DNA sequence: ATTTACTACTTGTATATACAAGTGCAAATT
DNA sequence: AATTTGCACTTGTATATACAAGTAGTAAAT
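Protein chains in written order, with the numbering used here: chain A, 6 to 241; chain B, 6 to 241.
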């Protein structure tokens, strides 16, 4: 009786969906906070909490005295920030292909993030995926999940589904936040092959730690990104 | 009688300072929300607003039933998110050197961000700086400010001072948020020279738009970053 | 001795309310 | 006609309060 989604979160999801579906178009004003109160039967602080989430993620921009203006979606691929319930990696025209299926193995030595004793002992579930935006390979990512209480995970298919969704629906795990490091590297042979680029092609690497609602449970991914055509976007 | 800093912001600044100064060390618990209420003569929503800012920026992590745990500072150079009042680019061991002093010129064609009519007509204040972390050149950044109501700006010295501070103190301009794009590129000749790297060295480029409290006033910077030794870090 | 239950704390969510401050438009004044 | 004033709206900030839910230690029961 704990993990039920709070009302401000429900409202956030609803408004976000409406914006993405075009019910509210860029430049439009969202209903005022008081209207949203009345329509959704909640109070203004609750509405404001929902709107703040939307504003932080760039869906709307609030202007005192005017209202909440719906923003036009960023031109690139959003990945720098993500919502707690959905992967923020694009949405349309995104295909995912599992290159290496989930399997259990020990953690790599000198892992990109520090691990707890429990994590290290449990080993990790490892898999690799390639993600296409408009049929162009843009992301190549390697995921590492601690092998702790994730029954039947290795037999799941990961094609065209969000890891975030699987974790939420089947394991009640939600991402609450995380940490990321970004650097530029040269494409090594493996990357060259996946992206079809030449040697020395500059590639962006993201190392991410995803922290979840399950205490002490984090998972990790290393994402290689070809920013030649699609760059990463984010707000702060 | 508008731009006075709100109380939650004051509390945020105070706690942030204390954390940075080591009054509260990583792993410590911050005083509980109720204690902070009593000490600072504010109510819990106000305290929570301040703590949320700290949590978003990774200074603390809140744990229900326990308290607010102070986090250890990230290992890299924080730039992916920034606070409204201080530049988030490092803090210690950071030197800045102006390579091209501020001068007025027309905006470049095909600018990295869309400009309003007013901005384009006014021209821009342009300057270049090189930033050193521990005496190693890490950032090379080009700044573009709309030439609108910024008296005597071009005669200011920009060595070892934060642009954010200058704008805040002399022009009452505060950064409220912004947008950024990230991509990986090869070092061109200019970059090679500044960073002392070879041809084809991968470099990270950030294009940033900073939105301010002055309506319609944004400024821009293009930051080249050598992530060989220092990577960019951020939370989400 | 081990387990259980309780208690006193913590943060999370939600309501209700009030006033300040910015925006835009219409009405009143000049 | 042009300017100013005022009003009705918006979001921003702040207070006061209540209960839910997670944590950790202690006391009680087995």
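Each residue gets a CB set at the ideal place from its N, CA and C atoms; glycine is no exception. Every value quoted in this text rests on a predicted model; they were computed, and no experiment measured them.
Check each candidate in the options and name the one with the smallest Cα separation from residue i.
i: residue 2 of chain B; options: B:29, B:151, B:157, B:199; result: The question about residue 2 of chain B has no answer here: the residues shown for chain B are numbered 6 through 241.
i: residue 217 of chain B; options: B:181, B:210, B:202, B:13; result: B:181
i: residue 118 of chain A; options: A:238, A:224, A:11, A:10; result: A:224
i: residue 57 of chain B; options: B:43, B:25, B:29, B:18; result: B:18
i: residue 12 of chain B; options: B:48, B:34, B:27, B:28; result: B:48
i: residue 237 of chain B; options: A:111, A:187, A:161; result: A:187
i: residue 239 of chain A; options: A:27, A:36, A:53, A:61; result: A:61
i: residue 120 of chain A; options: A:152, A:16, A:173, A:143; result: A:152
i: residue 111 of chain A; options: A:150, A:232, A:178; result: A:150
i: residue 40 of chain A; options: A:16, A:25, A:166, A:220; result: A:16
i: residue 210 of chain A; options: B:220, B:212, B:189; result: B:189
i: residue 165 of chain B; options: B:10, B:27, B:102, B:231; result: B:102
i: residue 219 of chain B; options: B:157, B:24, B:231, B:172; result: B:172
i: residue 64 of chain B; options: B:163, B:169, B:29; result: B:29
i: residue 169 of chain A; options: A:179, A:162, A:161; result: A:179
Which same chain residues, not among the five before or five after residue i, have their C-beta less than 8 Å away from its C-beta?
i: residue 31 of chain B; result: 75, 76, 77, 78
i: residue 159 of chain A; result: 106, 107, 108, 109, 130
i: residue 99 of chain B; result: 136, 137, 138
i: residue 33 of chain B; result: 74, 75
i: residue 72 of chain B; result: 34, 35, 37
Of all the CB atoms in chain A, is at least one closer than 7 Å to the CB of residue i?
i: residue 238 of chain B; result: yes
i: residue 191 of chain B; result: yes
i: residue 241 of chain B; result: yes
i: residue 58 of chain B; result: no
i: residue 41 of chain B; result: no
i: residue 155 of chain B; result: no
i: residue 232 of chain B; result: yes
What are the partner residues of residue i, as DSSP defines its beta bridges?
i: residue 188 of chain B; result: B:210
i: residue 145 of chain A; result: A:135, A:229
i: residue 216 of chain A; result: A:182, A:223
i: residue 130 of chain A; result: A:109, A:150
i: residue 34 of chain A; result: A:74
i: residue 103 of chain A; result: A:134
Return helix, strand or coil for residue i, following the three-state DSSP convention.
i: residue 228 of chain A; result: strand
i: residue 113 of chain B; result: coil
i: residue 222 of chain A; result: coil
i: residue 39 of chain B; result: helix
i: residue 161 of chain B; result: coil
i: residue 67 of chain B; result: strand
i: residue 121 of chain B; result: coil
i: residue 155 of chain A; result: coil
i: residue 22 of chain B; result: helix
i: residue 62 of chain B; result: coil
i: residue 54 of chain B; result: helix
i: residue 45 of chain B; result: helix
i: residue 177 of chain A; result: coil
i: residue 170 of chain B; result: helix
i: residue 29 of chain A; result: coil
i: residue 11 of chain B; result: coil
Indicate whether at least one CB of chain B lies closer than 7 Å to the CB of residue i.
i: residue 209 of chain A; result: yes
i: residue 185 of chain A; result: yes
i: residue 34 of chain A; result: no
i: residue 88 of chain A; result: Reliability fails at residue 88 of chain A, whose pLDDT of 38 lies under 50, so the model's placement of it is uncertain and no value is given.
i: residue 205 of chain A; result: yes
i: residue 188 of chain A; result: yes
Skipping 5 residues on each side, what residues in its chain have a beta carbon closer than 6 Å to that of residue i?
i: residue 145 of chain A; result: 135, 199, 229
i: residue 196 of chain B; result: 208, 229
i: residue 184 of chain B; result: 214
i: residue 205 of chain A; result: 191
i: residue 202 of chain B; result: 192
i: residue 23 of chain A; result: 29
Just to confirm my understanding: we take residue i, look at its own chain, exclude 5 residues before and 5 after, and list those with CB closer than 7 Å. What are they?
i: residue 147 of chain B; result: 133, 226, 227
i: residue 141 of chain A; result: 234
i: residue 53 of chain A; result: 38
i: residue 68 of chain B; result: 74
i: residue 125 of chain B; result: 112
i: residue 45 of chain A; result: 16
i: residue 232 of chain B; result: 209
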